[in-house]
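Novice: Handing you this structure, nothing more for now.
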Amino acid sequence: MTTTETLRRRVQLWFGPQHPGITGNMSVQAWLEGDTLTQGITHVGYLHRAFEKLMERRKFIQSFPIVCRICVPEPDTNEYLLAAALEELSGLDREVPEKALWIRTLVLEMSRLAAMLQVLGGHVGSMGLGVVPNWTYTLRDYVLDRFEELTGARVYHMYTVFGGVRRDLPEGFAERMETEVLAKIEAKLPVIDNAIFDSSVFRKRAIGVGVVPEEWADEMGISGPVVRAMGIPRDTRKDFPYLKYPELDFEVVTTTGSDIYARAWIRRQEIAQSVDLIRQILRRMPTEGPYCAKLPNMLTWTIPPGQTYVRAEASRGEMGYYVVTDGSDKMRRVHVRGPSYVHGVSLLERLIPGTNIADLSPLMVSLQTCPPEIER
Amino acid sequence: MQFDSIEEILDFAIGKEMEAHDMYMDIAGKVKRPGLEKTFLELAQMELGHKARLEQVKAGDLSGFAAGEVQNLKISDHLVDVKPHPNMDYQEALLFAMKAEQRAHDLYVDLARATSDPGLRELFKGLAKEELKHKLFFETEYDDVILEGN
Amino acid sequence: MKTIIDDIRARFSVEWEHEQRADLAQIGVAPGTVVPLLTWMKLHTPFVQLNHLSVVDWLEDGEFQLTYLLTDPHGHRSLMVCTRIPREEATMESVHELWPQAVTYEQEINEMFGIHFPGSPRQGVPFILEGWDDLPPMRRDFDTVAYMHAHHPSRPGREHVDPRVYVGKVFGERGYLHDDD
Amino acid sequence: MSLKNTLAPFSAWMQAFSKPFTVPDEPGVRPGAPRYRGWHINDRETCIGCGTCAEICQNVAIDMVPVDEPTKGDSGLRPKVDYGRCCWCALCVDVCPSGSLAMSNEYVWVDHDGDAFRYTPGVDEKPWDGAELGWRKDEGFDIVDHERVPMGHLDPEERIHTWAEVVVGYTEEEARREAARCVECGLCVAACPAHMHIPDYIAAIRDGDDVRALNVIYDNNSMPEMCGKVCTRRCESVCSIGVNGDPLAIRWLKRYVTERFDDLKSVLDVDVERVGEGRKIAVIGGGPSGITVAYYLAIRGFEVTIHEALPQLGGATFFGIPKYRFPMPSLEKQIKLLEDAGVKIVTNHRVEGDELRRMLEENDAVFIGTGLMKPYRLGAEGEDLPGVVYALDLLRDKNIGREVEVGERVVVVGGGNVAIDAARVSRRLGAEVTIAYRRRIVDMPADDEEIEDAEAEGVEIIPQAIPLRVERTDDGRLDFVWGPAEMVPSDRGRPRPKLIEGVEHHMVVDRVIVAIGQSADHSWMPPDIAEKVADAKGWITVDHNGMTGHRGIFAGGDLVNDTADAISAIADGLRAVEGIQRFLGILPEREETEPEIPVITVR
Amino acid sequence: MEKRKLPVLPVAAPPEGSRPHAPLGEGCFLGEEELPKAPALKEALATIKNWFRAQSLWVMAYGTGCGAIELRPLTTARFDMERFGMAMRPTPRQSNVLIVSGYLATKSLKRVIRAYEQMPSPKWIVGLGSCTINGGMYWDSYNTINRLDLYLPVDVYIAGCMPRPEALIEGFKYLMERVKKGEANGWHHYLENLDWYKANQKKLITDWNLPDYNW
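So the protein lines, in turn, are chains A, B, C, D and E. Quick note: the first sequence uses the working numbering, first residue 51, plus one each step. Quick note: the second sequence uses the working numbering, first residue 86, plus one each step. Quick note: the third sequence uses the working numbering, first residue 65, plus one each step. Quick note: the fourth sequence uses the working numbering, first residue 12, plus one each step. Quick note: the fifth sequence uses the working numbering, first residue 934, plus one each step.
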């Protein structure tokens, strides 16, 4: 064996789970030639809590506190989807009050906003630029402050339940939302633009890296910013309208390039879009009326047999819940299909060959892989 | 009736209590209803207690007298008096006792009204109040037991 | 939705159908029909996307239900294809050649339910669990609480008094139709 | 890549001049939001220990621990929270039926000892006790159902012309829906004098298993159909759902189940040893307590004979309760069950003279459940005038089928259920009816629903009206004279009415119906036995076995308890069922020890 | 100095002859035997050493569970953990605080043990959230442990699900206090009762393929 050949020997590298560049607690088993990855296998299971198993032995209402923990940055999508699925199967969906629908839309959009702020910072953070995440995390914290005020908790809100939501909007919520959150975000966005999208470092590292071919989009079920960065206007909020989204005025943001830069750009645009949507929601939301339907006794409630699949647009892409009921007071089966299930395993593994090792972390952030969603 | 001294009045009152005691003892020996005999014996015992209290007053200790207002529920006022008879029941026994206390009370009120001596009037009033207190005891019992549903 | 189900009915035998929502229909087919049906759907209909592959354990019936969710990404509608296979030594034909991401689904199902997909790569390779030596945990006959008690001790000192039982005991609740023992 | 791109990131330096926003490191700078979900607080007084919080906690974070003495309506248990389990979902707060549990907005708790994170809110003192802010129950969000499934009633206009049952009864769907409201806390079991297994049969109804429900019901109540219609339902008064809403319609649910089955014997699964073979028991008085004793002893092989003075068993539930509340077929079904169990029934037989003595010799034990049959007198002038009648007599005459006539205008004196029954019966007999009651309407011992029904039927209620006398008018009618009363406070019990002198109201009526109460009559007993058994008021004192001061004589029902309702009579009967067996040496004597505590689940 | 409680366990008996933990400065590990012998001086040195240690808690950046989401805001200017002398370090070799941010799946536990053992002493573990205390939300899951202190020595627990950044700061301040007083000595306990900890760990992790101590 020559020296050169020895040098070009494949090196196996475990990337994670304890690694500052990994998204969450997961790992990628990668093989390297030089500093180029030739193959990668995603390993998950470090966060497996068996949600689906646990929900099979919890009553319907008891599943709400547990379901929001499936995705840490964005718990509300999970709460909404479980509620939507069970409402559909029980027939309660016709009784959800108007105001609850608006509040749910608001909460979903707020959680999208919070998650996208987090991941936009992560984009640059994974490239070593620490200052932008500082800003975006603080901005996200402002959203969490409003969540705390609205739902009583910062991170795990446990706010959406079937029939509606658990509490009304507090007095003066809209004004505080505007001055404490939305205005601050809008003031910061140009600064962030400067620091990211105009930065030669970011452009060099992001443009043309991690390109997802357009033909994978349909068959793999790629969704969210990843698919919109290919120029395909695919968005669950438009395609499978739910809640009050059909009544809101927004366009699906798309761009081309399908690389890390394009995905970051989509997220930055969607932050602005979310800000706008939250303003619209707060302006149009009815001030009077109930915020939750009259519920039966949750300790004994049963739902007739049935199965359904509901979906909503999370910041990462399409989130789906497959729920099967059997007429008892518990779910027969609930299966959570998060976008990361495809993005973080199949897509990531297909993208890894040929990627530079330094780009793996930015790539994972741009796919927004969220391990708890993969293994649940 | 004319009384000249406080002692005289008190002796009269003590005599009244003794009369009541004897009467209850008498009825107790006659009633048939199970347990009612015991009730009348208790009533007689109560009168002895009243007597003892008056003797205390006579000895100069006025603290035995009821202080403040005594409630008059006026239950017995519009009820028909009963004569003691062997087949009395509890309701009749209570009625009888209430009426007896009522009569004693009325007597002292009348005496108080009749006398011009302010000291004596006060004493009569005090005695009337005592009797009222005894009446209240029976009226409360009547209100609780007989009129429970009314 | 009706047209596509009619098209399917013309080619395959459908056991049952149900329209859950305007954009979601469900059909039930025999296990052997699944792969031909899905192949045909992917090649000849707009339902080209495999969104989801899931398993429901019908322990009482001794069957697993496999649910394939196909989506028409441009027509914005979905079709749920359900099939039931026996629980004993459950085996199902793989669809990984139609959709590469199905490998992950099949790997997870293999691990969590013990259903074998012959030919699918990574069968038997641990995905989520590590060093697992019990029943596949998502099976309904696997008792997670018993496992927890056996493997994950809790902090001692918790004592709960059930009000229903306590009240009955304190106040002397008794029955007279049956002898106690 | 232009120069602009190279310089752009440096714009971040501009932020160095922006206002700092670091949260200062001082305590209390950022309190939790007004509805923040922090550590639990609990109002120990308001809490009823129903354990619903523990029930809904999916993390099994809440233990119920004994803190106070258990009373009716309060188990004395209080929730203890394990913060090694809690997830702050606040479902416990939202479900809390009494509204006592809440959360403060405090959120900091650090310790090096992992065992420290447990406490009983409201009992163990904590810095956040009495916190003003935090997660509270909100009116608009309820995860238990506080609204009762409404019960159909005949229209008041219609029902005063008929003796048909006023209450329609639940349909199957309604019953299941109502049963689903139950949180199964069991507080009702304490309040029920017979300690019926209420949550268990409600659960059976909810699950659609009516046979199981019926068996659970008959387990300690042999007259449940009567209870299902006319019970005073102490259970509902302590129902945890009823603290802030409508209590479970426990009575109506029992009614629903019991009405579903006609042949009770074939449905009931009796599984007891016939330990009483060859033993004879005499039951005097065929009321609820007597029937209870007879049934549960008969299924154990005892030879039981019931002696009843009236032509029909049932006691007060037969002669006292009007048929629009408790129709005859329901009673007959109960009696049929007794007959099926082998009870010998002797009606129209009043025990008198030395008969009791003879019975004591012939039987192993005698049970007395003769009830309160002698009405209290009004005591006012004119009581003996014709036209002044007693409610008990009126109701009895009506129920045993005699011709009853009340005229056009009736005043009923009293405020109990008997008074209301008399009023409603008079209404059906075509009279205008007024109830004169000495106290306020809230003080009326009658059931609230009964009062409402009576008012709906056009019965006028005059509260704080003291009857003064009854006079005969010139045209042969009666002049009922009453005076108004003021309520004066009392040092014990409810406020008492006091006549306001000088005011008299007159009411010309055809009947004055006296319904102020009733007492026992023991003239049928030999005096020496009566002396040992009863006291002056006519009440009988019994020991824990239900036995009176006379060996072998057991007693129960209105004679014994001071609540004077059917379910208490049934409870007395059950006590005597055990007591008689202990007396006869069939069951071991109860050990007088503290009730051993309880049914602890370690978790 | 407070004695550390060894949890009573069904898992494995406490090691025979396990020494009560040695107070700091009584010569145990890492060159402490070289300390001067005069007790007063030894005491003073220990105090100074503890004070320094408390001022530089370096946290390993390993988000073992969902609690990690509230760690990130601590590094921003809003909560600014650096003012307390704390910083995030990317590798165990540079850190002395391991934050177990919530539940630990069995698979994670193995990695966490490895990471912990790689950290240089003195080192401390902060249990974040209720799940480290008694299982929390996932108490009945087959895949998460209920009690962290069976497997690793925990110095400070912060209750909450999840605890807010302010609660974390309070927790860290409490840890600093305990370090200053010389009371936070879980790392001693771990080494002294290594057999017991290892028995617990190996009982749970059946496919144990690590060296017994990962230096």
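Beta carbons are placed, not taken as given, at the ideal position from N, Cα and C, and that holds for glycine. Given the structure is predicted, the values throughout are model-derived calculations rather than measurements.
1) Is there a Cβ from chain A that is less than 8 Å from the Cβ of C100(D)?
2) Once you ignore the five residues that flank G596(D) on each side, which residues in its own chain have a CB closer than 6 Å to its CB?
3) E1015(E) lies in the alpha helix (DSSP H); which residues open and close that run?
4) Taking the alpha-carbon positions, what's the H172(D) to R439(D) distance?
5) For A617(D), which beta-bridge partners are listed by DSSP?
6) In three-state terms, what does DSSP make of A1020(E)?
7) State the start and end residues of the unbroken alpha helix (DSSP H) segment that holds H216(C).
8) For a contact meaning CB atoms closer than 7 Å, what does N1118(E) contact in chain D?
9) Nearest to A245(A) by alpha carbon, out of P403(A), V181(A) and L332(A)?
10) Is it true that the CB of V424(D) sits closer than 8 Å to the CB of N235(B)?
11) If we count the other Cβ atoms within 10 Å of its Cβ and call it buried at 16 or more, is F101(A) buried or exposed?
12) Who are the Cβ neighbours of R586(D) in its own chain at under 6 Å, not counting the five residues just before and after it?
13) S77(C): buried (16+ other C-beta within 10 angstroms of its C-beta) or exposed?
14) L519(D): buried (16+ other C-beta within 10 angstroms of its C-beta) or exposed?
15) Please list the terminal residues of the continuous beta strand (DSSP E) segment that includes S77(A).
16) Under a Cβ-count criterion, where at least 16 other Cβ atoms within 10 Å of its own Cβ denotes burial, should G183(C) be classed as buried or exposed?
17) Can you tell me whether DSSP reads H954(E) as helix, strand or coil?
18) Tell me whether the beta-carbon of P299(D) lies closer than 8 Å to the beta-carbon of A577(D).
19) Can you tell me whether DSSP reads G74(A) as helix, strand or coil?
20) Do you know how far the Cα of L97(A) is from the Cα of D243(C)?
21) Report the neighbours of S218(C) on chain E: residues whose CB is nearer than 8 Å to its CB, in chain order.
22) Hey, is E159(B)'s beta-carbon within less than 8 Å of any beta-carbon in chain D?
23) Quick one: using the 10 Å Cβ neighbour count with 16 as the cut-off for buried, is A1001(E) buried or exposed?
24) What separation, rounded to the nearest whole angstrom, lies between the Cα atoms of S161(B) and M183(B)?
25) Considering only residues of the stretch 468–524 of chain D, which uninterrupted beta strand (DSSP E) runs meet the minimum length of 3 residues and lie entirely inside it, listed in chain order?
26) Is there a Cβ of chain D sitting closer than 8 Å to that of L164(B), yes or no?
27) In angstroms with no decimal places, state the Cα-to-Cα distance between D1145(E) and Y1049(E).
28) Count the other C-beta atoms from every protein chain shown that fall within 10 angstroms of the C-beta of M25(D), then say buried if there are 16 or more, exposed otherwise.
29) Assuming S113(A) is part of the beta strand (DSSP E), what are its boundary residues?
30) Report the rounded CA-to-CA distance for E81(C) versus T147(C), giving the unit in angstroms.
31) Within its chain, find whatever has a CB closer than 7 Å to the CB of R223(D); leave out the 5 residues flanking it on each side and keep chain order.
32) V588(D) and V304(D) - do their beta-carbons sit closer together than 8 Å?
33) Going by DSSP, what residues sit across from C1064(E) in a beta bridge?
34) Give a yes or no on whether the minimum CB-CB distance between G353(D) and chain C is below 8 Å.
35) Specify, as a first and last residue, the run of the alpha helix (DSSP H) that A971(E) falls within.
36) Determine, using beta carbons only, whether V525(D) and P386(D) come nearer to each other than 8 Å.
Specialist: The structure says:
1) So yes, C100(D) belongs to the interface.
2) Result list for G596(D): empty, nothing under 6 Å.
3) In the DSSP assignment, E1015(E) falls outside any alpha helix (DSSP H) and carries neither an H nor an E.
4) In this model, H172(D) and R439(D) are separated by some 6 Å (Cα to Cα).
5) Lying outside 12 to 614, the shown extent of chain D, residue 617(D) is not represented and no answer is given.
6) DSSP, read as helix, strand or coil, puts A1020(E) in strand.
7) Note, H216(C): premise wrong, no alpha helix (DSSP H); not H, not E.
8) Think of a sphere of 7 Å around the beta carbon of N1118(E): no beta carbon from chain D falls inside it, the nearest being about 10 Å out.
9) Check the Cα spacing between A245(A) and each of P403(A), V181(A) and L332(A): the tightest is with V181(A).
10) Judged by beta-carbon spacing, V424(D) lies within the 8 Å limit of N235(B), meaning their Cβ atoms are closer than that value.
11) Buried, since its Cβ has 16 or more Cβ neighbours within 10 Å.
12) The residues G557, in chain order, have a CB closer than 6 Å to that of R586(D) in the same chain once the five nearest residues on each side in sequence are set aside.
13) Burial state of S77(C) is exposed, judged by a 10 Å Cβ sphere holding fewer than 16 other Cβ atoms.
14) The residue you asked about is not Leu; residue 519(D) is Val in the sequence shown. By the neighbour-count criterion, in which a residue is buried when 16 or more other Cβ atoms sit within 10 angstroms of its Cβ, V519(D) is exposed.
15) That run of the beta strand (DSSP E) goes S77 to E83.
16) The residue is exposed, with fewer than 16 neighbouring Cβ atoms inside 10 Å.
17) A caution first: H954(E) carries a pLDDT of 42, below 50, which makes its placement in the model unreliable, though a value can still be read off. Coil at H954(E), not helix or strand.
18) Yes, the pair counts as a contact, with Cβ atoms nearer than the cut-off.
19) Coil.
20) Distance from the CA atom of D243(C) to the CA atom of L97(A), rounded to whole angstroms, is 52 Å.
21) Chain E residues near S218(C): N1067, G1068, W1072, N1079 and R1080.
22) Here the sequence assigns Lys to residue 159(B), which means Glu is not the residue at that position. Among the CB atoms of chain D, one or more fall inside 8 Å of the CB of K159(B).
23) Residue environment for A1001(E): buried (at least 16 other C-beta atoms within 10 angstroms of its C-beta).
24) Straight-line Cα distance between these residues: approximately 6 Å.
25) Runs of the beta strand (DSSP E) spanning 3 or more residues and lying entirely within the stretch 468–524 of chain D occur at 471–473, 476–483, 489–499, 507–510 and 516–520, in chain order.
26) Output row for L164(B): interface = yes.
27) Going from the Cα of D1145(E) to the Cα of Y1049(E) covers about 13 Å.
28) Flag for M25(D) reads exposed.
29) Per DSSP, S113(A) lies in no beta strand (DSSP E) segment; the continuous alpha helix (DSSP H) that holds it begins and ends at S113 to V117.
30) Straight across, the Cα-Cα distance linking E81(C) with T147(C) is about 12 Å.
31) Cβ within range, chain order: A215.
32) With respect to V588(D), V304(D) sits close: the two C-beta atoms are nearer than 8 Å.
33) Bridge partners of C1064(E): none, in fact.
34) At a cut-off of 8 Å between beta carbons, G353(D) makes no contact with chain C.
35) Counted as a single uninterrupted DSSP element, the stretch harbouring A971(E) is not any alpha helix (DSSP H), since DSSP gives it neither H nor E.
36) Yes, these two residues count as a Cβ contact at 8 Å.
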